[in-house]
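Residue numbers (the numbering used here), protein chains in the order written: chain D, 24 to 243; chain A, 5 to 32; chain H, 168 to 469.
Cβ coordinates follow ideal geometry from the N, Cα and C atoms, glycine included.
Notes follow the structure.
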Amino acid sequence: MDIERKHAELIDLFVKQAAVLDGPALAGLVLEVTSHPSLFAFSEILSVPNLAKLEGTQYSSSLDVLRLFAYGTWGDYRSNAGSLPALSSDQVRKLKQLSVLTLAETNKVLRYNQLMQELDVSNVRELEDFLINECMYAGIVRGKLDQLRTCFEVQFAAGRDLRPEQLNNMIQTLSNWLDTSDNLLYLIQEKIKWADTMSEATKKHRKEIEDKVEEVKKSL
Amino acid sequence: DNSLLRQVSSLLRRLPAMESEKFQDDFL
Amino acid sequence: EEQVVVIREKLAELYESEQQWSKAAQMLSGIDLDSGMRMVDDTYKLSKCVQIARLYLEDDDAVNAEAFINKASFLVSSSKHEVLNLQYKVCYARILDLKRKFLEAALRYYQISQIEKRQIGDEEIDEDALEQALSAAVTCTILAAAGPQRSRVLATLYKDERCSKLKIYPILQKVYLERILRKPEIDAFAEELKPHQKALLPDNFTVLDRAMIEHNLLSASKLYTNISFEELGTLLGIPPQKAEKIASRMIYEDRMRGSIDQVEAVIHFEDDTEELQQWDQQIVGLCQALNDILDGMTSKGI
């Protein structure tokens, strides 16, 4: 929520700018947006009609870059570097940050070798410095680094822009969570009823014993 | 709403709430 | 005796005008404040003790200054003289600072920075002086031993609006947020320090070095579940054996939670809370995130 709050003003600003720009100015805006240290969400800007108009023009690569930052990773860029413009160091850093968020979508525990491969990093110190300074201190990720198990346990990761095809998975996860929660509540309810029943039975049994004891005392 | 979708995506990534070895031991 | 006192005071004035502070202090310390032969009121005694302490402090002589401040402390509680009381407090804070009792000094500096009056007796209290006291409080807190006590003082300072206007604020923020401090930031901070705050210690680290290493170690404990001595040394910029030694001392003194496996050469950090409690906290966080989404949906009419 904190991330989204920080995003809201920036996104608003850039969306308004994008709505009145075209051609080279828009390409410049895309560069600014994809280099901005506090912005990790791009779908709102991507949906501004002026951006779509860049398709097929000499500035269509800017649109491709924006799409890459919205949905892609550093690995995707490396595979398509030939057809995409060169990225500045700020853009490279941001794309790598976004790649960590993508990896965290599927796994809570991220192995160091997987991260080093994805982020093009050759040693553990460099990887950990990146995760600490560019991810944890940037507030987009929270977690613990485990050198013995050479992994990064993610406790929180900011959400990336979603493609429509990702929605089904999310809905399924939510349904599963809902079902598990309902089941658990039902089980707890049953346990409460069972506990009440046992308690009543125990009280009744105790009363019967006490009554018998009284009877025997009287008869003696 | 993209912002809400991103928040939901982030929320779902918090599940399960804990997954460490030590937690599994303590939980059991 | 009266005449000797006058001569001593005059000589002390002369020494002061020549900035020979310790000599001036020694001249005044020869005055017999417990004389049975003349009437010496408590205010006079207090003023002399404080004056002598202040003179010794000009030469950074904490030992002698402390001797006189201790004498003054018996008199200050019953003193109504606001200027002297303030001077006493400032001296005391500076002595603690010089003696490297940084946390205590910080608290006293902070108290002084919170003075509301702008005129005490004949003395005007200007904003710069209060800002200096606040800055000194922040500096001393950062130099204090990392641990729970320091964290409490850091929180107080960080939440004080006035600190956000200090030059030293960026480093206060990083220290409060328990973030690792890098060399350029430490070097910039070092420029603001006094010589005794950068003095060399028996273990060949300076006061500043030790404070920064301990802070960074504590910051690392928030980021790592465990770390090898080798990597820890690299992170802290010191040899691995020294990193182990400092870590073990901090754990022993209960300023950091963890354990050391010398066989594997690894330090395991422990959280302040147990796993199951952390689970509870994660669930709380999850529910709050869910609430935020629901609030967001409501505000957007969904």
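{"query": "Buried or exposed (CB count within 10 angstroms, at least 16 for buried), isoleucine 434/H", "result": "buried"}
{"query": "Neighbour list for arginine 346/H in chain D, Cβ cutoff strictly below 7 Å", "result": "Tyr160"}
{"query": "Residue-level contact to chain D via CB, alanine 28/A, 9 Å cutoff", "result": "Checking the sequence shown, residue 28/A turns out to be glutamine, not alanine. False, the Cβ-Cβ gap to chain D never drops below 9 Å."}
{"query": "Inter-stretch contact at 8 Å, needing at least 3 Cβ pairs: the segment 397-415 of chain H / the segment 130-143 of chain D", "result": "no"}
{"query": "Integer Cβ distance of tyrosine 82/D from alanine 50/D, believed to fall under 8 Å", "result": "5 Å"}
{"query": "One or two residues paired with leucine 121/D in a DSSP bridge", "result": "Answer is none; leucine 121/D lacks a bridge partner."}
{"query": "Segment limits, alpha helix (DSSP H) that includes serine 24/A", "result": "First-last for serine 24/A: undefined, no H or E at that position."}
{"query": "Straight-line gap, glutamine 449/H to aspartate 228/H (C-alpha atoms, nearest Å)", "result": "52 Å"}
{"query": "Between the CA atoms of aspartate 201/H and aspartate 208/H - distance to the nearest angstrom", "result": "10 Å"}
{"query": "Sufficient close CB pairs (3 or more, under 8 Å) joining the segment 412-424 of chain H to the segment 343-360 of chain H", "result": "no"}
{"query": "Residue-chain proximity (aspartate 169/D, chain H), Cβ-Cβ < 9 Å", "result": "yes"}
{"query": "For serine 242/D, three-class secondary structure by DSSP", "result": "helix"}
{"query": "Other residues of its chain near threonine 325/H: CB distance less than 8 Å, five sequence neighbours each side excluded", "result": "A small correction: the amino acid at residue 325/H is tyrosine; threonine does not occupy that position in the sequence shown. Leu339, Gln340 and Tyr343."}
{"query": "Sequence ranges, alpha helix (DSSP H) only - wholly within the segment 247-309 of chain H, length at least 4", "result": "249-265 and 269-280"}
{"query": "Own chain, CB closer than 6 Å to serine 426/H, minus 5 neighbours either side, in chain order", "result": "His435"}
{"query": "Cβ pair glutamate 225/H, glutamine 186/H closer than 9 Å", "result": "yes"}
{"query": "Any chain A beta carbon closer than 9 Å to glutamate 67/D", "result": "yes"}
{"query": "Cβ pair asparagine 231/H, serine 189/H closer than 9 Å", "result": "yes"}
{"query": "Per-residue contacts from arginine 183/D into chain A (C-beta, under 8 Å)", "result": "Arg10 and Ser13"}
{"query": "Selection from Ala313/H, Lys365/H and Leu301/H that minimises the alpha carbon distance to tyrosine 336/H", "result": "Leu301/H"}
{"query": "Closer than 8 Å at the beta carbon, the chain E residues around threonine 196/D", "result": "Of the protein chains in this structure, namely D, A and H, none is chain E."}
{"query": "8 Å Cβ cut-off: residues of chain H touching glutamine 178/D", "result": "Gln449"}
{"query": "Beta-carbon neighbours of valine 19/D, restricted to chain H and to distances below 9 Å", "result": "Within the shown structure, residues of chain D are numbered from 24 to 243, placing residue 19/D beyond reach of any answer."}
{"query": "Cβ neighbour criterion (16 or more within 10 Å) applied to asparagine 383/H", "result": "buried"}
{"query": "Cβ-based neighbour list, glutamate 157/D, same chain, cut-off 7 Å, excluding 5 preceding and 5 following", "result": "Arg116 and Gln120"}
{"query": "Same chain, Cβ closer than 8 Å to tyrosine 276/H, neighbours up to 5 away in sequence not counted", "result": "Ala260, Asp264, Ala300, Leu301, Ala303, Ala304 and Cys307"}
{"query": "Host alpha helix (DSSP H) of valine 243/H (start-end)", "result": "229-243"}
{"query": "Cβ shell of cysteine 330/H (< 7 Å), same chain only, five flanking positions each side left out", "result": "Leu301, Val305, Leu324, Tyr336 and Leu339"}
{"query": "Local Cβ density within 10 Å of methionine 159/D, reported as buried at 16 or more and exposed below that", "result": "buried"}
{"query": "CB contact below 9 Å: glycine 452/H versus chain D", "result": "yes"}
{"query": "Contact under 9 Å by Cβ, phenylalanine 63/D with arginine 183/D", "result": "yes"}
{"query": "Span separating the alpha-carbon of leucine 402/H from that of serine 386/H", "result": "11 Å"}
{"query": "Near-chain D residues of the segment 390-418 of chain H - C-beta to any C-beta below 7 Å", "result": "Leu390, Tyr391, Thr392, Asn393, Ile394, Ser395, Glu398 and Thr401"}
{"query": "Backbone secondary structure at leucine 333/H - three-state DSSP", "result": "coil"}
{"query": "CB of glutamine 170/D within 9 Å of CB of isoleucine 394/H, strictly", "result": "yes"}
{"query": "Whole-Å CB distance - isoleucine 243/H paired with leucine 274/H, under 8 Å assumed", "result": "One detail in the question is off: residue 243/H reads as valine in this sequence, not isoleucine. Valine 243/H to leucine 274/H, Cβ: 17 Å. No contact."}
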